[in-house]
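Each residue of the sequence shown is one higher than the one before, starting from 1 at the first, in full-length UniProt numbering. Cβ coordinates follow ideal geometry from the N, Cα and C atoms, glycine included. Here is the structure we will look at.
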Amino acid sequence: MTTVESLLCEVNPLLEARLALKCGEQLFFGESLLLEHHTNEAPSASGRHSRHSESHRHSESHNRDHHNKGKKEKGHHSKGDREQNKHDSLQNAIANAKETVRKALQEGGTPSTCAGFPQTVMDEITKLKKENESIRKEMDELRSLFKDLEKRIMRRVGAYSSMHSYVTDRLQWMRFDYCHGGLFSAGRRVLILGDGNLSFSVAFANARPEVELSATVLEHESALISRYQSAARMLTHLRSLSHRVRVLFGVDARCLPLKWKNRFDDIIWNFPHPGGKTNLRKSRQLMSAVFKSISSILSSGHFHVTLARNQSGLDHEAIVRRHFFKSNSLPAHSRDSWQIAYLAAEWNLSVEDVHPFDPHLLPLYSASGYHNRDQIFHSCCGAETITFVLTPPLFSLKALKCYENELFADKEPGCFHELKPFFRHDISILYEEANAMSYWESVLFEMIREVCGSLVVAIEEVQQLRSIAPNGLSNRIYRITWQAWRKPLSKSLCNALQEQLREIIKSTVRQRKMKIVLT
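Okay, here's the thing in structure tokens:
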């Protein structure tokens with residue numbers, strides 16, 4: 001059943017309908033007697049007459065009710081008749097209320113219908129309606145955009161599987177690239193030396209499909225297949241990639257063809273071995289010959305060599321932690337090793353970077369040993385990949401100082417690089433004025449730093465060697481430590497620089513008439 005409350009929200013602004021609603025409400029909920037007849041007409045000029053007529057009707061109604069009440073007491077009406085009369089009165093009141101509301105709604109809320117409301121309220125209602133329409137429109141646009149976005153997402157979901165596979169592969173290679181310091185991302189033309197069973201070439205070709213790869217082995221094809229059981233399978237795979245991979249047999253890394261000059265961006269050699277039982281002398285000779293050959297064909301590229309732990313002679317802990325700079329502490333280079341940085345420096349090759357080698361990132365690769373052939377050889381247990389770059393041949397102290405200062409002019413005194421060769425030379429000085437030794441010592445140190453720049457990392461007195469010369473002059477021994485960061489110092493080059501420094505000191509002492517003697 002429709003109640004009066006459900007209609008209240010619609011007729012509340014209509015003052016003319018309030019009387020009907022009040023009547024209906026009291027009929028349904030109240031116990032007071034109500035008018036059986038009421039009107040929805042607006043008050044007229046004859047308001048007093050209307051009120052008088054209403055009062056007269058109310059009096060008559062009251063008399064009729066009183067008369068009916070008397071009849072009730074006398075028992076002339078049954079209980080069922082009274083219930084029926086009450087129900088009829090309620091239906092009539094609700095019907096009249098509905099009719100009033102219908103007429104009010106048909107008038108459309110005109111100013112005459114809503115005469116009781118100020119114009120500002122009506123304007124506010126109109127404004128709210130417009131805002132509501134605007135919000136609905138924005139919601140529809142948002143719903144449309146959402147549906148369009150959902151369609152785009154669904155179209156891309158179809159390609160998710162292939163994209164996920166691609167991203168996974170690239171992340172794997174990025175991890176490999178990080179662990180090896182970007183060794184194989186610099187160039188598109190790659191030469192691999194001495195690849196044994198060719199497993200590294202296969203793994204590398206699969207990981208880098210965009211490179212042009214030249215894989216070389218020392219043996220001829222028949223000897224290679226006979227020696228390594230897996231070589232035939234690897235060779236078949238590489239030949240299936242003949243559009244970008246070629247395999248060369250009988251290539252000796254110690255004498256690479258000069259026609260290969262500038263042909264490759266990167267050259268890779270993993271776990272070089274001189275053959276036979278491991279021997280430091282043979283290993284150094286092999287690497288020295290290879291460095292000589294590499295320097296003749298490499299220009300702006302990189303040469304990457306992977307060695308077993310402690311073979312290089314560099315500090316493995318510094319490599320793992322990437323702590324390459326030391327203050328007032330010499331690099332921890334092992335003499336009982338290949339001394340790879342010093343061998344390379346003889347041929348102007350400088351260690352640019354070193355990273356741990358992780359063979360697990362190349363699952364197809366297995367480094368083959370000399371005796372055990374296809375058995376894994378030094379492919380784990382802390383292997384290191386050393387990256388070399390070629391530097392220009394410089395021989396004079398002045399030229400080398402200028403070359404170094406272009407990048408490292410502000411190098412702090414006493415700061416050493418863990419990956420660069422260093423050498424120490426002593427000079428002996430006699431002081432003619434014992435009471436002015438501190439002054440002339442400071443003048444000497446300043447002169448050496450001015451001549452050598454950052455090539456001389458440290459100058460210190462060897463105090464246990466203090467003495468008095470036969471001529472009675474005080475003798476002091478000073479140890480000069482040389483190290484260049486941009487161009488590596490070889491033993492022969494550093495000896496030459498030391499001799500040039502001695503000549504400059506002698507010349508300067510004579511010109512400035514310094515009270516010291518270089519012995």
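Determine which residues share a DSSP beta bridge with residue i and list them.
i	result
PHE422	GLN483
ARG152	The partner list for ARG152 (beta bridge, DSSP) is empty, contrary to what the question assumes.
TYR478	ILE427 and GLU461
SER467	ASN475
ARG246	SER214
SER456	Per the sequence shown, the amino acid found at residue 456 is Val instead of Ser. Beta-bridge pairing links VAL456 to TRP482.
VAL290	Note: VAL290 sits in no beta bridge, so no partner.
THR306	ASN270 and THR385
TRP402	It is Cys, not Trp, that sits at residue 402 in the sequence shown. Answer by DSSP bridge pairing: none, since CYS402 is not bridged.
PHE416	LYS326
LEU518	ILE429
ARG189	GLU212
GLY353	At residue 353 the sequence reads Asp, which differs from the Gly that was named. For ASP353, which the question treats as bridged, DSSP gives the partners THR387.
Classify residue i as helix, strand or coil using the three-state DSSP reduction.
i	result
HIS333	coil
VAL389	strand
ASP358	coil
PHE324	coil
PHE264	coil
HIS237	helix
LEU343	helix
GLU221	helix
ASP410	coil
SER230	coil
TYR439	helix
LEU489	coil
SER199	helix
THR100	helix
LYS259	helix
residue 520	One cannot answer for residue 520 here, as it falls past the ends of the chain, which runs 1 to 519.
LYS277	coil
SER300	coil
GLN498	helix
ALA207	helix
LYS282	helix
ASN348	coil
For residue i, count neighbouring Cβ atoms within 10 angstroms of its own Cβ and tell me buried if that reaches 16, exposed if not.
i	result
ARG502	exposed
THR306	buried
PRO488	buried
ARG510	exposed
ASN197	buried
SER55	Confidence is the limiting factor: at SER55 the pLDDT is only 46, short of 50, which leaves the residue's position unreliable, though a coordinate-based value still follows. When all chains shown are included, SER55 counts as exposed.
THR126	exposed
LEU149	exposed
MET287	buried
LYS513	exposed
TYR431	buried
ASN471	exposed
PHE357	buried
HIS302	buried
ILE153	exposed
ILE516	buried
ASN96	buried
VAL121	exposed
Find the nearest neighbour of residue i within the set the options, judged by alpha-carbon distance.
i	options	result
LEU248	LEU218, PHE264 and ARG233	LEU218
ALA469	ALA434, ASN495 and ILE448	ALA434
ALA289	LEU349, ASN132 and THR120	LEU349
THR216	ASN206, GLN229, ARG208 and PHE200	PHE200
GLN463	SER474, VAL457 and ALA203	SER474
PHE324	ARG152, TRP485, LYS98 and LYS513	TRP485
PHE291	THR387, SER226, ASP315 and GLY472	THR387
ASN495	THR508, THR481 and GLU412	THR481
LYS326	PHE204, ILE297, ASP336 and GLU412	GLU412
LEU465	SER134, ILE429 and GLU138	ILE429
PRO359	ARG143, ILE153, ALA203 and GLU141	ALA203
LEU343	LYS130, ILE294 and GLU450	ILE294
VAL354	GLU346, SER366, HIS304 and LEU364	HIS304
TRP260	TYR478, TYR365 and SER296	SER296
PRO363	ASN206, GLU131 and GLU99	ASN206
With contact counted as at least three CB pairs below 8 Å, one residue from each stretch, are the region 244–258 and the region 188–204 in contact? Output reads yes: the region 188–204 touches the region 244–258.
Inter-stretch contact at 8 Å, needing at least 3 Cβ pairs: the region 269–283 / the region 219–238: Not touching, per the Cβ criterion.
Inter-stretch contact at 8 Å, needing at least 3 Cβ pairs: the region 327–338 / the region 411–427: Yes: at least three Cβ pairs fall under 8 Å.
Mind the definition here: the region 447–467 touches the region 393–411 only if three or more C-beta pairs lie below 8 Å; say whether that holds. The region 447–467 vs the region 393–411: in contact.
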